[in-house]
Amino acid sequence: MGVVLVTGSSGVVGAAVAREMHTAGWQVRGWDMRPGPWTTHCGDLRDPETRTRAVCGVEVVVHAAALHAPHVGVVPEDEFRAVNVEATAALLERAAECDVRRFVYTSTTSVYGHALVPEGRAVWVDETLPVRPRDIYDETKLAAEAAVTGSRQPFTTIVLRIARCFPEAPAVQAAHRLYRGVDVRDVARAHRLAAERAQVTGIFNIAGPIMFGRNDTRQLWHDAAALLTERAPHTVALFRRQDWPLPARIDRVYDSSKAGLQLGYEPGYGVEALASLP
């Protein structure tokens, strides 16, 4: 294995990706503006000299650094554009100059935006669903995706739209894990697969295991508990043992089967993985 640059290596996703890549035998160069266990260098990648030091000598760039949804309304919109879009474009240019062979971009299922609003049935969210951004976060992540996928550079690129994976109370995570959440360990594995399968390009949803199909969307919206009881009695029993509220309705289902087919991605951490959390 070679050298991989992981930006945002002090964040939840970046740190998990760095750990996964290290375990798989990669030499990790972690870069962030704040220190962390997997951050080997601190600095602002918007600075040209810092960007050169970060990128040159690496085979793969995993770009997870960004401003996120919690920053909306707190950080000026121009800052969102500078960090999420302009810095990504500059990183792509420097990666080309430094002979990088693979660029993995961490995006978000949030870019589907208004398309996630149900109309009489749950929304089935695969990569064919039109994107309808709601805010500056969605807009800038989508613009960065376009910069990555439209890049005419001498390396291959891939975009991973990751589902909800930030820390929350176990009961909340459990409900989300049924249809719109993903364990950060699965996110990290998806990034490693994306880094190592350099011939695979495009945009991929990365979500947790799902137990539903497209034909279930109407019942998921009108009576999810009944469908869960029929389809996954062991999961319902787990919710009861843990005293987790079972969702009465489900508004969307994230489908990452495309990543399964092309990347070999198989999420391994479902609701059961949360049962041992405090």
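The sequence shown begins at 34 in the numbering used here and counts up one residue at a time. Each residue gets a CB set at the ideal place from its N, CA and C atoms; glycine is no exception.
Rounded separation between Lys174 and Gln206 - CA only: 24 Å
Residue nearest to Gly297 in terms of C-alpha spacing, selected from Ser289, Ala180 and Val304: Ser289
Asp77 (DSSP reduced to helix, strand or coil): coil
Contact set for Phe199: own chain, Cβ-Cβ below 7 Å, skip 5 residues either direction: Val45
Local conformation of Asp65 per DSSP, three classes: strand
Burial state of Ala292, where buried means 16 or more other Cβ atoms lie within 10 Å: buried
Coarse secondary structure for Val233, derived from DSSP in three states: In the three-state DSSP reduction, Val233 falls in the coil class, being neither helix nor strand.
Proximity of Ala231 and Arg135 at Cβ, strictly below 7 Å: The answer is yes: Cβ separation under 7 Å.
Span separating the alpha-carbon of Ile195 from that of Ala155: 19 Å
Whole-angstrom distance between Val50 and Val220, CA atom to CA atom: 8 Å
Under 7 Å between C-beta atoms of Leu38 and Val94: yes
Complete alpha helix (DSSP H) runs within the segment 153-215 (minimum length 4 residues, chain order): 169-182 and 203-210
Local Cβ density within 10 Å of Leu294, reported as buried at 16 or more and exposed below that: exposed
Bridge partner(s) assigned by DSSP for Gln60: Val36, per the DSSP bridge assignment.
Cβ-Cβ distance between Thr97 and Gly63 below 7 Å: Thr is not the amino acid found at residue 97; the sequence shown has Ala there. At a Cβ-Cβ threshold of 7 Å, Ala97 and Gly63 do not count as neighbours.
Cα-Cα separation between Phe245 and Tyr145, rounded to whole angstroms: 20 Å
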